[in-house]
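Peer 1: In my numbering, each number is its position in the first sequence, counted from 1, plus 2. For every residue, glycine included, the Cβ atom is placed at its ideal position computed from N, Cα and C.
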Amino acid sequence: MQESSGKELPKTHDAVAVERYWLKNGACRDAINRVSVVDPAGGKESGVEPPHSRSSDAIPYVILMPPPNITGTLHNGHALFVTLQDILIRFHRMRGYKTLWLPGLDHAGIATQAVVERALRVEEGKSRRDVGRAEFLKRVWAWKERNGNRIIEQLKALGASADWDRLVFTMDPNHCKAVNEAFARLWNDGLIYRGRRLVNWDPKTGTAVSDEEVEHVTRKGELVYFAYPLRGLAACHPCIPSCHPCVSSCHPCESRGPEMDSRFRGNDKMEGGNDKVEGGNDSSSVTPAPASAGVNSAGVHKESHSARRACEEIIVATTRLETMLGDVAVAVHPQDERYKHLVGATLRHPFFPDRELRVIADAMVKPEFGSGAVKITPAHDPNDFAVGQRHGLPCLSVLTSDGRINDEGGPYRGLPKQEARRRIEEDLRKLGLFRKKEPIEHNVSVSQRSGEPIEPMISRQYFVRTESMARKAREVVDSGETQIFPSSWKKTWNHFLCNIQDWCVSRQLWWGHRIPVYYDLHKLRDAIQNDARQRGKETTALRALQTGVPRRELLRIALDTLEDEWIRAFSVASVEDLTAEQADRYVQEEDVLDTWFSSGLWPLATLGWPNKTADLQTFYPSAVLETGFDILFFWVARMVMLGTHFMGRSPFAHVYLHAMVRDAHGRKMSKSLGNAVDPLDVMRGATLKQLQDKARQHPMAADRLPQVLAGIAKQFPEGIPAAGADGLRLSLAILSGQGRDVRLAVPRITGYRAFLNKLWNATRFALPRLQQSSLVPLQQLRKELSLPDRWILSCLQRTIRTVHESLAVYRFDAAAQAVYHFVWSQLCDWYVECVKCDGLSPDCRDAINRVSTSVLWHVLETSVRLLHPFCPFITEELWRVLRPLSPQKLSHRFCCTSPYPEFDAAWVDEAAESDMELLQQAVTGIRAARAESGLPPSRKLPVILLVDDAAPRGLFASHASLVASLARAASVDVRAREGFAAPKGAVVHPGTVVHAMIVRGEADVQARRRTVKQQLEKARKELATVAAVLAGAAFAQRAPAAVVQAKREQRVALEKKVGALEQALQGL
RNA sequence: GGGCGCAUAACUCAGAGGUAGAGUGCUACCUUCACACGGUAGAAGUCGCUGGUUCGACUCCAGCUGCGCCCACCA
């Protein structure tokens, strides 16, 4: 496509070609840069474009783009956020705001490391440890270069008019500096601490993850019951004075009061559940849990048997049997009469004879679950950890970081946990301690990244104290400093921030911001020695020290053995790199920071923080953060917390949360379901075959493929037509109703693509006319405007107002729909048809040409500017051909830098609107009458308009030729309906005030009678309804007068309609 | 267990205390000189169910049912 060939537009809008042209056109981008970019240092604007009338230099409009992960390629999430943010940015830019849309890329720690590791494994068969940290990071950077650029290109293809020169990557030196600074400040303020805690461990990626990165999924599992034998009966006695000395009377049910019965009802259910225990599980060994004995319907013999057992052992249940290796206690509820007497007793661990398991009482135990006794593994369960803390229990970790049994696991050492689980069960059976197992549906914690079950593990990690920051984050939303759209999210926001836990920010990864903590090896060495001296013995640490260990090893030993306070005292957080001398003494922490720690600093780091830059002063806080609700906690909350903490005010005035893009049926898009709509396919189009071929390339189980292919065939039987970025954007904007899932349905997309073609062709229609006449500014034509002119200008103003009002509250759907409706249903369907003035006298035509052509140009070019933020490419192309025709010689070369239409009440013309509506009624009536007569549209017939008394007969008379032209009638005669006798065979289509009549009909009388009868019936029904409402005495008294009046008028209109129809029926 | 959201035409969705709307699809007719990615006319809905408030409820309130999502320590 050539820029100079503006006179000829192809017949069909070719989105792909138009977009290709404008993407290449750097001049357009330059123009955007010139009007848009603010130089906060106060430098001059090298603007070629004149400033807009509404220049709002004081407050720049700033959006920080959520940085896409460098792992991915373009997906629907990107398409949606680009669309919405670009609409806001273009809208404000055109309104004269200085805008900043700051783009970026996120290094995405775990995700990126995982994909690069996978590539390394697949391509070279190596692990990251094989190549070493430095080399591995080199590869990640290479990946970033390749992939990052591709994502940027794709975002540009979507039309994103971001300030690409300012692109920020979260591993840029500036960003690193901000991260280190933030960390150091929080560390020095005591808001970051290092501690030995139970964290969520992802065995697959080998790192700790935060609570937010853990998902809960319901899975089927097995609840295994096994017994811990008591160490000796003697242990039973001293603890509870009331405990009966004799074995048989230790029966729990005897000491249980009647008031307890309801609390134990849960056991009845469990008892019933026993029957369902899988047959293969050695049913003979299935023994009722002690609690059930009392309510068991079985005989006395069994009762006493169970009772005896109750004192010899305690049965516990678990879904993760391997954790029993780390059990240090068994807990029961303090009020549980079944076990009261056992509290304080000691149990024997079957695999570790030396280990003593105490029976403890803790209120966290739910007596009705399982056996009512809980095995306690503080090192591998958050609840148990808490119990352990309360009771001063040791933490016995039995897992390695990659999910195997560690040295503490005795005979099971080295086994993968699943294998260990199986073997332990086997061994328990051999020892006679296995009791039963039952299937159970339970929640499993799964790593969001790897999909692997999370292992809670004890380890030393860095944590951010969240309490005070979370409180501030709540306050800025409560006070309205930050407004959340849709506001329904406020509740979720508060709930999350009220219950937030400390944030584990260290990750055992290589890719990311290395934690800027430096350990003082000299001091740590001293500390180890002191520690040994204090203990008065030679510790292993000391021994290792004496044999001379490498620095890293020394650090590891120190971290493993010394108290956290000591380590904190002997380490510093520093922003600066080490000097040569320091390098000898200090060693930096190996771990890196959670990606969200760095992206949490996005509003600060992108603007140059911690320096007090002009950027920061000018652009902070930003106007709106637009993002998906799925990262409300991960990202938005962290940014508000950190931003408020460091800057004293929230980083955003508004937070707009868009919904998730889903398929046409609301399902999550997934390649393995075959329902994923790739935004690139929507832009460029794809045949069914292409879609299916693409699915074939996606790795999946071979037996699933046919299903996937069928799914694609069902969802996209015709493939996807090329809608271009414009079509995709328009679809996304309209489908993104507030707070709803965005369901990308191909038929809708097709519809919006057709719309763009419609606008394209309206311009094609107008162009020759516009070029042939000399256009005049509207103001000069004010007095000469025809009814359709006044009408369309009025409609245009209403549309402009709707767009502004909608965008102000992020109702992208309402805004886009308004433009759609205006262009198609008002401009194309009516105004353009009016302008054609078929069959008019030459004089009349000239007059219309002179005035209406100017109006047409105005309306068209305004529509184009109105639509621009939604569809930047087609509008730029149309603007290219429309602009040169401007009577005012518009100076804006590009649509993107031209002013946005502003509402002007002076052009709203209610009289024109209501008059036009009457004319439309007449035209529609004639068309309907013709259709009902079965006459071909090519036959031009004389028409009579029967007008009711109240209606302005003059209006119809003076616009008779226009009506005739629009309705394709030979002539239009206007008569008063009152007293007019319709001739035999005439076809009348009744309206509310004007009735269209075709005199010389050729209708099939039978069919005609049927139609009229139907219409009559319908009208009578409506009349009856209205009459009934009016007849109600209370209605007239209590309803507002205006409503009553309207109803009365309605009745009159309906009566007339019924009358007309009755008359028509008689005429047949 | 708590919270949030949704239920309107065949499909995807707007709407709103006063006679149900759009796009797609469907039916009939039309290649009328911008557009068949088009035009004209039309068929199509007990607005999830049950109560309540009201002169009037699809709309407000309560409950119920179904679906989706989020949070939560049930071994």
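Curious, which full-length alpha helix (DSSP H) runs of at least 4 residues does the region 122-166 contain?
Peer 2: Within the region 122-166, the complete alpha helix (DSSP H) runs of at least 4 residues are 130-133 and 135-159.
Peer 1: Can you give the Cα-Cα distance for E879 and G161, rounded to whole angstroms?
Peer 2: Their Cα atoms are separated by approximately 13 Å.
Peer 1: If we ignore side chains and look at the alpha-carbon of each, how far apart do S960 and R686 end up?
Peer 2: For S960 and R686, the distance between alpha carbons rounds to 50 Å.
Peer 1: Just to confirm, is the Cβ distance from T597 to A29 under 7 Å?
Peer 2: In this structure, A29 does not lie closer than 7 Å to T597 by Cβ.
Peer 1: Along the alpha helix (DSSP H) that carries N532, what are the first and last residues, could you check?
Peer 2: Unbroken alpha helix (DSSP H) run through N532: L523 to R537.
Peer 1: Is the beta carbon of A735 less than 7 Å from the beta carbon of F814?
Peer 2: Their beta carbons are under 7 Å apart, which means A735 touches F814 by this criterion.
Peer 1: Three or more beta-carbon pairs under 8 Å between the region 958-973 and the region 1021-1040, yes or no?
Peer 2: The region 958-973, when compared against the region 1021-1040, does not touch it at the 8 Å Cβ threshold.
Peer 1: Counting pairs of Cβ atoms below 8 Å between the region 123-140 and the region 98-113, do you hit three or more?
Peer 2: Short answer: they don't touch.
Peer 1: Among I61, L25 and V20, which residue has its Cα nearest to the Cα of T620?
Peer 2: When each option's Cα is compared against that of T620, the closest is I61.
Peer 1: Does M999 pass the burial test, meaning 16 or more other C-beta atoms within 10 Å, or should it be called exposed?
Peer 2: Burial call: buried.
Peer 1: Along the chain, where does the alpha helix (DSSP H) that runs through Y754 open and close?
Peer 2: Where Y754 is concerned, the enclosing alpha helix (DSSP H) stretches over V748 to Q774.
Peer 1: Within the continuous alpha helix (DSSP H) that includes W203, where are the two ends?
Peer 2: Element bounds for W203: not the alpha helix (DSSP H) but the beta strand (DSSP E), I194 to D204.
Peer 1: Can you tell me the Cα-Cα spacing of D480 and K493, whole angstroms?
Peer 2: If you take the alpha carbons of D480 and K493, they lie about 10 Å apart.
Peer 1: Using the C-alpha atoms, what's the distance from K13 back to Q717?
Peer 2: The alpha-carbon atoms of Q717 and K13 are separated by roughly 30 Å.
Peer 1: Considering R467, what are the terminal residues of the alpha helix (DSSP H) in which it resides?
Peer 2: Taken as a continuous stretch (DSSP letters only), R467 belongs to no alpha helix (DSSP H), as it is neither H nor E.
Peer 1: Answer with buried or exposed for P458, where buried requires no fewer than 16 other C-beta atoms within 10 angstroms of its C-beta.
Peer 2: It counts as buried.
Peer 1: Inspect the CB distances between the region 508-518 and the region 174-188 and report whether three or more fall short of 8 Å.
Peer 2: With the cut-off at 8 Å, the region 508-518 and the region 174-188 touch.
Peer 1: Report the option in I569, N35, S403 and Q781 whose CA atom is closest to the CA atom of F896.
Peer 2: Checked all of I569, N35, S403 and Q781; the closest Cα to F896 is N35.
Peer 1: Given that a residue counts as buried once 16 or more other Cβ atoms are within 10 Å of its Cβ, and exposed if not, what is Q1047?
Peer 2: It is exposed - the Cβ of Q1047 has fewer than 16 other Cβ atoms within 10 Å.
Peer 1: Relative to the C-alpha of F498, which candidate in Q485, R423, P1042 and F635 has its C-alpha closest?
Peer 2: Nearest C-alpha to F498: F635.
Peer 1: If you scan the region 556-630 from start to end, which runs of the beta strand (DSSP E) of 3 or more residues do you find wholly inside it?
Peer 2: The region 556-630 contains these whole beta strand (DSSP E) runs: 573-575, 588-590 and 624-630.
Peer 1: Buried or exposed: P749, going by 16 or more other Cβ atoms within 10 Å of its Cβ?
Peer 2: The residue is exposed, with fewer than 16 neighbouring Cβ atoms inside 10 Å.
Peer 1: Applying the criterion that 16 or more other CB atoms from any shown protein chain within 10 Å of the CB defines a buried residue, is N78 buried or exposed?
Peer 2: It is buried - the Cβ of N78 has at least 16 other Cβ atoms within 10 Å.
Peer 1: Around the C-beta of E591, are 16 or more other C-beta atoms found within 10 angstroms, so that it is buried, or is it exposed?
Peer 2: E591 should be labelled buried.
Peer 1: Can you tell which of P790, D705, T752 and A908 has the C-alpha that lies nearest to the C-alpha of V684?
Peer 2: The shortest Cα separation from V684 among P790, D705, T752 and A908 belongs to T752.
Peer 1: Output the boundary residues of the beta strand (DSSP E) element that contains I362.
Peer 2: Counting along the chain, the beta strand (DSSP E) containing I362 begins and ends at F354 to A363.
Peer 1: For the region 597-608 against the region 109-128, are there 3 or more C-beta pairs whose distance is under 8 Å?
Peer 2: At 8 Å Cβ cutoff, the stretches touch.
Peer 1: Specify, as a first and last residue, the run of the beta strand (DSSP E) that T348 falls within.
Peer 2: Here the beta strand (DSSP E) through T348 covers T348 to H351.
Peer 1: For H660, write down the residues that DSSP places opposite it in a beta bridge.
Peer 2: DSSP lists G630 as partners of H660.
Peer 1: One question on the structure: do Q774 and C797 come within less than 7 Å of each other, judged by their Cβ atoms?
Peer 2: No, the Cβ-Cβ distance between Q774 and C797 is not below 7 Å.
Peer 1: Can you tell me which of P944, A607 and T926 puts its alpha carbon nearest to the alpha carbon of L618?
Peer 2: Nearest C-alpha to L618: A607.
Peer 1: Who are the near neighbours of A43 in its chain, counting only those whose CB is closer than 7 Å to its CB and skipping five residues on each side?
Peer 2: Legend: pLDDT at A43 = 46, less than 50; position of this residue unreliable, no value from coordinates given.
Peer 1: Could you spell out the range, first to last residue, of the alpha helix (DSSP H) harbouring W495?
Peer 2: Counting along the chain, the alpha helix (DSSP H) containing W495 begins and ends at W491 to C500.
Peer 1: Using CA atoms only, rank isn't needed, just tell me which of A725, G713, R545 and T646 is closest to L693.
Peer 2: Of the listed residues, the one whose Cα sits closest to L693 is G713.
Peer 1: Return the CA-CA distance between G134 and E443, expressed in angstroms with no decimal places.
Peer 2: The straight-line gap from Cα to Cα measures roughly 42 Å.
Peer 1: Let me know if A17 comes out buried or exposed under the rule of 16 or more other beta-carbons within 10 Å of its beta-carbon.
Peer 2: Counting Cβ neighbours within 10 Å, A17 comes out buried, since at least 16 surround it.
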